[in-house]
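Structure record follows, encoded as structure tokens.
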Amino acid sequence: MTDTGLIAVACGLIIGLGAIGACLGIGAMGGRYLDGAVRQPEMMEPLQTKMFLLAGLIDANFLIGVGVAMMFVFANPFAK
């Protein structure tokens with residue numbers, strides 16, 4: 387396998403595993419939010435604010451991984 391092929395596999399792993407991790411994290415967080423909102427309805431708004439903040443941070447982490455993968459594809463610092 388050439389260097390280009392290995393770079394493509396690495397970028398696919400970065401993006402794929404990052405997407406899986408972000409989806410699992412947001413899904414788990416959403417489930418916990420619903421549990422908390424059902425148990426204490428008066429805390430729904432503060433919990434919702436924190437949930438959306440954390441969802442943005444989880445998604446930003448995935449997008450940073452996409453940016454790193456795109457850097458490897460288009461401006462590879464390891465190219466000969």
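In our numbering, the protein residues as written are 387 to 466.
The C-beta atom is built at its ideal place from N, Cα and C for all residues, glycine as well.
For residue 460, the enclosing alpha helix (DSSP H) stretches over residues 430-460. Just measuring C-alpha positions, the residue of 453, 412, 456, 428 sitting nearest residue 440 is 412. DSSP places residue 427 in the helix class (H, G or I) of the three-state scheme. At the C-beta level, residue 433 and residue 422 come within 7 Å of one another. Ranked by how close their Cα comes to the Cα of residue 457, the residues 389, 391, 397 have 397 in first place.
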